[in-house]
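> Everything in the sequence shown is counted per this note's numbering, starting at 1 for the first residue and increasing by one. We treat Cβ as the ideally placed atom computed from N, Cα and C, and that holds for glycine. All values derive from a computational prediction rather than experimental measurement.
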Amino acid sequence: MKTAISLPNELFEELEALVKESGGTRSEIYVAALREYVARHVPDRVTDAFNRLADELENGTEEEETRSFRREATRRAFGRTEW
């Protein structure tokens with residue numbers, strides 16, 4: 001997918017220097033930077049989901065969808081475990 005973004009001149013110049021040093025392309029640098037950014041922020045969403053689940057379990061408000069997911073995940077995990 002193509003996209004257009006606006007960058008401050010200073011950041012663009014740093015990017016150009018990095019492109020020359022690495023021998024890569026601007027697109028490769030953008031992709032690597034965005035992947036790193038997403039990887040750093042996605043764990044927050046995972047942690048939030050675990051916290052919501054823990055609250056549901058503690059308060060007895062676990063929804064059927066969550067129960068079904070938990071049962072299936074447990075079944076799969078035990079299915080891969082040697083006893």
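1. Span of the alpha helix (DSSP H) holding Ile29?
2. What are the start and end residues of the alpha helix (DSSP H) that includes Leu11?
3. Distance check for Thr3 and Arg45, CA to CA, integer angstroms please.
4. Please report how far the alpha carbon of Tyr30 lies from the alpha carbon of Glu10, in whole angstroms.
5. Locate the alpha helix (DSSP H) running through Arg75, then write down its first and last residues.
6. Give me the Cα-Cα distance between Phe69 and Asp48, rounded to the nearest whole angstrom.
Concretely, from the data shown:
1. Within the sequence shown, residue 29 is the residue found at index 29, counting from 1. Taken as a continuous stretch (DSSP letters only), the alpha helix (DSSP H) holding Ile29 covers Arg26 to Asn59.
2. The residue labelled residue 11 in the question sits at position 11 within the sequence shown. That run of the alpha helix (DSSP H) goes Asn9 to Ser22.
3. Residue 45 sits at position 45 when you count from the first residue of the sequence shown. Residue 3 sits at position 3 when you count from the first residue of the sequence shown. When rounded, the distance between both Cα atoms is 25 Å.
4. Taking the sequence shown and counting its residues from 1, the one referred to as residue 30 is at position 30. Taking the sequence shown and counting its residues from 1, the one referred to as residue 10 is at position 10. Cα-Cα distance, rounded: 16 Å.
5. Against the sequence shown, residue 75 aligns to sequence position 75. Looking at the DSSP string, the run of the alpha helix (DSSP H) that includes Arg75 is Glu64 to Gly79.
6. As a position in the sequence shown, residue 69 is number 69, starting the count at 1. As a position in the sequence shown, residue 48 is number 48, starting the count at 1. Taking the straight line from one Cα to the other gives about 17 Å.
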